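*Asks:* Numbering (my numbering), first residue to last: 371 to 420. All residues carry an ideal CB built from backbone N, CA and C; glycine is no exception. As the structure is a prediction and not an experimental result, all values here were calculated from the model.
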Amino acid sequence: MSDLGSVYLGGTAPSTLVRAGHVRAHHPEAAALADALFRAERPPHCLHWF
371 MSDLGSVYLG GTAPSTLVRA GHVRAHHPEA AALADALFRA ERPPHCLHWF
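(1) Given this structure, state the Cα-to-Cα distance separating S385 from H418, to the nearest angstrom.
(2) When the Cα atoms are used, what is the spatial distance from A406 to L379?
(3) Measuring only the C-alpha atoms, how far is P422 from L403?
(4) Which value, in whole angstroms, describes the spacing of the CA atoms of T382 and H396?
(5) Who are the near neighbours of V393 in its chain, counting only those whose CB is closer than 7 Å to its CB and skipping five residues on each side?
The following block contains the structure:
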């Protein structure tokens, strides 16, 4: 679940998760397509420090 959150928020590219073995691609071009679909204009940034 954390992998999906990192992709959705733009912190990690799906292809990175595929190479790390966290996500399995069922098609050779799936990771590249997912990268394009989830690419963010800007990297994630938190305005508040904890």
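*Replies:* Inspection of the coordinates gives the following:
(1) Taking the first residue of the sequence shown as position 1, residue 385 is located at position 15. Taking the first residue of the sequence shown as position 1, residue 418 is located at position 48. Cα to Cα, the separation comes out at about 29 Å.
(2) Working through the sequence shown from its first residue, we reach residue 406 at position 36. Working through the sequence shown from its first residue, we reach residue 379 at position 9. When rounded, the distance between both Cα atoms is 14 Å.
(3) Not covered by the structure: residue 422. The range shown for the chain is 371 to 420.
(4) As a position in the sequence shown, residue 382 is number 12, starting the count at 1. As a position in the sequence shown, residue 396 is number 26, starting the count at 1. Each residue's Cα considered, the two are about 19 Å apart.
(5) The sequence position of residue 393 within the sequence shown is 23, counting from 1. Result list for V393: D373, P384 and L387, in chain order.
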